[in-house]
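For reference, the structure discussed in these notes is given below.
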Amino acid sequence: MRIPFIIHQIWLGPHPIPAFCLQQMKTWQQIHPKWDYKLWTDNELSTLKLRNENRFNLAANFGEKSDILRYEILLQFGGLYVDVDFKCLKSFEGLCKVRSIHSHYPFVDLTRVETFSFVTGISNTSVFELNNGLLACTQHHPIMKELVDTLATQNPAMALTDARILGNIADFTTGKLFMRQSTEFMQTINQTGPGLLTKTFMRAIGWKSGNKIIPGFLPRSESDNVIALPSEYFYPIPNHLSHQKMLDFKLPVEAMAVHYWSRTWQTNSLRG
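Take any residue in the sequence shown, note its place counting from 1, add 92, and you have its number in the working numbering.
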């Protein structure tokens, strides 16, 4: 089963989509003219049956709502989800047929992969994390199901504490993990956003800690087909740069898309 050729984007709340974001959104349809395209707004939610509907309704901000919604959409339909502040640079059609990508990130044996069933990207922030601003997967993918299940039930299978599992990830990548201040926005990032995605992905594929191998919940036949691409592919620009410096940033040749870190979910607060 391949990743469906459909692009999903989300915009919730009463505020209009910023002009800059509208420009970036158009690039996805321009580069993928034969793909289906769906913009999910408040008006379309009545057509969806959400497992986490109650949590969605009680969400503290639009970022949390969007996180919950994107997982359920991808679980039901599959395809490619991208935030509205992403610019498309290259077609994603061949991403499902990549045969070799040179990378120093040891998430999968990239030389063995012929098709991908789940694609995410390593972020470009001051901490190690997989960002959920761009996700692609097959319909009913086990990782997406685990994300939805975790939000619905606070799955007790998440036996590792946040500190332990993030520490293991830092060791795994020989990187240094910097702890961030806990605020409402950081709680959203941890509970429904990149933090949740990172922990779930690592539990899916497993990792090696010293001489101990911690197996993932995906069988080997499936874990070989999931990938977290280096930040150069989707997040080439560091998130701390000013908007003008982002626009002037020299992009690497590997870049397939670029995230401009608009943080619209933080500025469009449910609490006004």
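Even glycine gets a Cβ: it sits at the ideal position worked out from N, Cα and C. This structure is a prediction, so every number in the text was calculated from the model and none was measured.
Q | Y163, DSSP secondary structure in three states | A | DSSP places Y163 in the helix class (H, G or I) of the three-state scheme.
Q: Please specify which runs of the alpha helix (DSSP H), each continuous and at least 4 residues long, are wholly inside the region 95–163, giving them in chain order.
A: 111–123 and 145–149, all fully within the region 95–163.
Q: Taking Y173 as part of the beta strand (DSSP E), name the residues at either end of that continuous run.
A: Per DSSP, the continuous beta strand (DSSP E) segment holding Y173 begins and ends at G171 to V174.
Q. For N317, which residues from the same chain have a beta carbon less than 6 Å from its beta carbon, with the 5 sequence-adjacent residues on both sides left out?
A. Leaving aside the five residues that flank N317 on each side, the residues in its chain whose CB is nearer than 6 Å to its CB run, in chain order, F208 and S209.
Q: Could you tell me the boundaries of the alpha helix (DSSP H) in which T245 lies?
A: Unbroken alpha helix (DSSP H) run through T245: P234 to T245.
Q) Hey, quick one: how far does the beta strand (DSSP E) through P307 stretch, first residue to last? A) Start and end: K304 to P307.
Q) From which residue to which residue does the beta strand (DSSP E) around G186 run? A) Here G186 belongs to no beta strand (DSSP E), and DSSP marks it neither H nor E.
Q) Taking the DSSP output, what are the residues bridged to S301? A) According to DSSP, S301 bridges with K304.
Q. In whole angstroms, what separates the C-alpha of R191 from that of E185?
A. The predicted position of R191 is uncertain, since its pLDDT is 46 and thus under 50; a value taken from the coordinates is nonetheless stated next. Answer to the nearest angstrom: the Cα atoms are 13 Å apart.
Q: Pull up the distance between the alpha-carbon of L167 and that of N303, whole angstroms please.
A: Computed Cα separation, rounded: 35 Å.
(Q) Can you tell me whether E221 is buried or exposed? The criterion is at least 16 other CB atoms within 10 Å of its CB, across all chains shown. (A) E221 should be labelled buried.
Q. Can we say the region 172–186 touches the region 281–294, given the rule of at least three CB pairs closer than 8 Å?
A. They do not touch, by the three-pair rule.
Q. Bridge partners of I319, per DSSP?
A. For I319, which the question treats as bridged, DSSP gives the partners V211.
(Q) Tell me the rounded alpha-carbon separation between A349 and L150. (A) Spanning the two alpha carbons is a distance of roughly 32 Å.
**Q.** Other residues of its chain near N331: CB distance less than 7 Å, five sequence neighbours each side excluded
**A.** Hits under 7 Å: N216, T217 and W353.
(Q) Quick test of your reading: T133 and K179, contact by CB under 8 Å. State the CB separation rounded to the nearest angstrom. (A) About 21 Å; that fails the 8 Å criterion.
Q: Just mark N224 as buried or exposed, buried being the case when its beta carbon has 16 or more other beta carbons within 10 Å.
A: Residue environment analysis places N224 among the buried positions, since at least 16 neighbouring C-beta atoms fall within 10 angstroms of its C-beta.
Q: Output the distance between the C-alpha atoms of L187 and I123, rounded to the nearest integer angstrom.
A: So the two alpha carbons sit approximately 14 Å from each other.
(Q) Give me, in chain order, the residues of the same chain whose beta-carbon lies closer than 6 Å to that of N144; leave out the 5 immediate sequence neighbours on both sides. (A) So the list reads I160, L243 and A244, once near-sequence residues are dropped.
Q: List the endpoints of the continuous alpha helix (DSSP H) containing H351.
A: Unbroken run through H351 is the beta strand (DSSP E), A349 to H351; no alpha helix (DSSP H).
Q. Between which two residues does the alpha helix (DSSP H) harbouring L310 extend?
A. L310 -> no alpha helix (DSSP H), and no H or E assigned at all.
Q: Would you grab the beta carbon distance between L289 and T212 for me? Rounded to a whole angstrom, and I think it's under 8 Å.
A: Confirmed, Cβ separation roughly 7 Å.
Q) Where I257 and K291 are concerned, what is the direct C-alpha to C-alpha distance, given to the nearest angstrom? A) The predicted position of I257 is uncertain, since its pLDDT is 46 and thus under 50; a value taken from the coordinates is nonetheless stated next. Their Cα atoms are separated by approximately 7 Å.
Q. Alpha carbon to alpha carbon, how far is S138 from E164?
A. One C-alpha to the other measures close to 14 Å.
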